[in-house]
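In case it helps, my numbering puts the sequence shown at residues 1 to 229.
We put the CB at the ideal spot given by N, CA and C, even for glycine.
Note sheet for the following structure.
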Amino acid sequence: MRINNNHHKNYWVSLPFINKFFQKILKKNREIFYNYFKNSIFIDINKNILDVGTTDIVNEYENIFLQKYPYKEKITCLSNQELLEVKKKYPEIQTLLGDARNMNFEDNCFEIVHSNATIEHVGNFENQIKFIQECYRVSSKYVFIQTPNKLFPIDFHTKIPLIHFLPDKAYRTLLKLVGLSFYADINNLNLLSKKKLIVIMKILNINNYKIINHKLFGLGSNIILIIRK
Numbered sequence: 001m002r003i004n005n006n007h008h009k010n011y012w013v014s015l016p017f018i019n020k021f022f023q024k025i026l027k028k029n030r031e032i033f034y035n036y037f038k039n040s041i042f043i044d045i046n047k048n049i050l051d052v053g054t055t056d057i058v059n060e061y062e063n064i065f066l067q068k069y070p071y072k073e074k075i076t077c078l079s080n081q082e083l084l085e086v087k088k089k090y091p092e093i094q095t096l097l098g099d100a101r102n103m104n105f106e107d108n109c110f111e112i113v114h115s116n117a118t119i120e121h122v123g124n125f126e127n128q129i130k131f132i133q134e135c136y137r138v139s140s141k142y143v144f145i146q147t148p149n150k151l152f153p154i155d156f157h158t159k160i161p162l163i164h165f166l167p168d169k170a171y172r173t174l175l176k177l178v179g180l181s182f183y184a185d186i187n188n189l190n191l192l193s194k195k196k197l198i199v200i201m202k203i204l205n206i207n208n209y210k211i212i213n214h215k216l217f218g219l220g221s222n223i224i225l226i227i228r229k
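Next comes the structure, spelled out in structure tokens:
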């Protein structure tokens with residue numbers, strides 16, 4: 001589901017100022033995403049919330065949602081990582097190891113399901129459908145899913161402009177050539193567009209939703225799907 005940053009080599013590592021620049025942008029965006037969440041979904045201490053795809057990094061740039069959400073004792077984190085650092089920093093949060101495409105939860109058992117930048121890491125289009133279907137199934141009130149927009153000129157995973165606009169085979173071949181074989185695998189990175197999200201909504205027969213197009217430098221950098229049951 002989520003990527004551990006130690007599992008791949010990033011060729012930008014030799015340019016720390018580039019990394020710092022992207023980190024600042026990502027942090028600011030993630031804070032904005034939390035504000036979208038807070039302004040779109042009514043939260044209170046009585047609502048149980050499932051965070052799907054939590055990563056085990058607790059620095060100032062990651063897990064902004066966990067940092068800011070006020071009722072941490074109501075959060076359950078589902079991840080394919082052990083989340084040892086998360087448990088250490090937030091002992092009041094429950095953590096579970098699992099697969100977001102096949103969750104071991106009963107229907108409607110969380111009022112809110114939240115996921116930030118995970119759906120692009122669950123595999124092919126069929127797996128992305130399963131991901132949303134499961135988030136929808138276990139939620140009783142709201143689903144909030146944020147993902148990078150495939151139509152933005154720069155992919156913030158690879159930090160390479162434009163090549164993700166190429167046909168899929170050429171795009172993944174180029175990633176391998178520049179040393180990013182990890183992201184060349186569709187199981188690790190499969191970007192979505194707003195159009196693809198709408199197709200998934202039709203396939204799943206979900207009608208009560210909205211999609212927010214978050215802009216960076218005047219262009220849509222991220223898409224946010226909010227479903228109300």
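- The bridge partners DSSP lists for Thr-95 are Cys-77.
- Of Pro-91, Leu-78 and Ser-79, the smallest CA-CA separation from Lys-72 is found for Pro-91.
- Residues Ser-140 of the same chain have their beta carbon placed closer than 6 Å to that of Asn-108, with the five preceding and five following residues left out of the count.
- In the three-state DSSP reduction, Thr-147 falls in the strand class (E or B).
- Under the criterion of beta carbons closer than 8 Å, Asn-149 and Lys-194 qualify as touching, at roughly 7 Å.
- Note on geometry: alpha-carbon atoms of Gln-133 and Arg-228 lie some 13 Å from one another.
- Every unbroken stretch of the beta strand (DSSP E) spanning 3 or more residues and falling wholly within the stretch 138-203 is given here in chain order: 139-148.
- Within the model, the alpha-carbon separation for Asn-104 versus Phe-156 is close to 31 Å.
- The beta carbons of Phe-152 and Ser-221 sit about 5 Å from each other, so the pair counts as a contact at 8 Å.
- Segment contact: the stretch 116-134 against the stretch 48-56, three or more CB-CB distances shorter than 8 Å; contact assigned.
- When Cβ pairs closer than 8 Å are counted between the two stretches, the stretch 95-104 is seen not to touch the stretch 59-67, the count staying below three.
- Val-178 and Asn-207 have their C-alpha atoms some 41 Å from each other.
- Going by C-alpha positions, Glu-120 is about 9 Å away from Asn-187.
- Looking at Phe-37, Val-122 and Lys-196, the one whose alpha-carbon comes closest to that of Leu-189 is Val-122.
- Around the beta-carbon of Ala-170, fewer than 16 other beta-carbon atoms lie within 10 Å, marking it exposed.
- DSSP places Val-86 outside any beta strand (DSSP E); the residue lies instead in the alpha helix (DSSP H), whose first and last residues are 84-89.
- In the structure shown, Tyr-71 adopts coil according to DSSP, grouped into three states.
- Annotated three-state conformation of Lys-215 is strand, per DSSP.
- Between the alpha carbons of Ala-184 and Asn-46 lies a gap of roughly 42 Å.
- For Arg-30, the secondary structure class from DSSP, reduced to helix, strand or coil, is helix.
- Sequence-distant partners of Lys-215 (beyond 5 residues in either direction) whose C-beta falls short of 7 Å from its own C-beta, in its chain, are Ser-221.
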